[in-house]
Every structure is written in C-alpha cells, then in structure tokens.
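According to this note's numbering, numbering within the sequence shown proceeds without interruption in unit steps and concludes at 129.
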Amino acid sequence: MLFQPPVFETIFRIPVTHRLMIEGSRSRGGPSDGVCWFHTEYDVKGEPIARYETYDETDETGRPRCGWRRYDITGRLVAAHEIPMRWSRLVEATSSRREAEMALQGPAAARPTPKPRGRLEKVAEGMAA
C-alpha cells in the first residue's frame, strides 16, 4: 500500500483563512526509520505565524511514534502531541483516515474534544496508557 501522509491542515487545526506551506521533508532508514515534514503557517496577510514539525517514526529504542510540534515564529515550542504508534497503524485502528487525523490532533486547548467512539476509543485508551 502506498504511504499517504495525514492532512496536516486538519491535524494542526489551520483556519481556512490561513495557508499551510510545506517547507520540506526528511526520511531515514535503518533501525530508527521514519519521516518528518516541516511546514509554515501564514495568516490572512501572508505573514508567517507558526512553524510545524510532524514525524512518523520508530525511535532509537525501537518505539513507534507519530506526532507534531508547533513553534511560534520566534522558534519557541508552544504545542505538541505524540501517540505511541506509527501513522499507518493509527489509520488501521480507526474507521477512517479522517478519524485517525482527529486522533493525531490531540486535545484542543480552546474547545472540548468529542468523546471517541468505537475503535477510536480503544486507540485513545492506548494513547493514555
């Protein structure tokens, strides 16, 4: 199956009035394999307001994980979320790619996250453990 990354605008909760531009990606093989993407978010005026790093990997200890980090324009980490499984496994564990993207979003600071149902509930329980 061809690898399909998540829709990053969904994961980062990018407003429709903003643009998210990919700045590049990196991949590596071997025991700690994975890929990471780099994005910049621009506001309505075209000004950069945030940078993102997203990753899907097996770390040096063999632990699977995927997640993201948001940095403000000065480079200060302002938000992050990680789950203990690879993106492809998360997609398999949920009923749709959209549901997987919503699980990868993490908790919303400004609005309540709906309670997961069905298979996603098991994924969410696994993330909390």
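Positions of the beta carbon are idealized from the N, C-alpha and C atoms, including for glycine. Nothing here was measured: the structure is a model prediction, and the numbers come from that model.
Residue i vs residue j beta-carbon contact at 9 Å
i, j, result
"Arg70", "Glu82", "no"
"Ile11", "Trp68", "yes"
"Ser25", "Phe38", "yes"
"Val7", "Glu101", "yes"
"Arg19", "Glu53", "no"
"Arg63", "Pro84", "yes"
Residue i: first and last residue of the uninterrupted alpha helix (DSSP H) it sits in
i, result
"Val78", "Counting along the chain, Val78 falls outside any alpha helix (DSSP H), though it belongs to the beta strand (DSSP E) covering 77 to 83."
"Glu92", "87 to 93"
"Glu101", "97 to 105"
Endpoints, beta strand (DSSP E) assigned at residue i
i, result
"Ile11", "Unbroken run through Ile11 is the alpha helix (DSSP H), 8 to 12; no beta strand (DSSP E)."
"Glu41", "34 to 42"
"Pro53", "Note that residue 53 is Glu in the sequence shown, not Pro. Run containing Glu53: 48 to 58, per the beta strand (DSSP E) assignment."
"Pro64", "64 to 72"
Cβ-Cβ separation, residue j to residue i (assumed contact under 8 Å), whole Å
i, j, result
"Asp56", "Gly29", "With a Cβ gap of about 13 Å, Asp56 and Gly29 do not count as contacting."
Would you be able to state if there are at least three C-beta pairs under 8 Å between the segment 90 to 107 and the segment 32 to 46?
-> Segments in contact, no.
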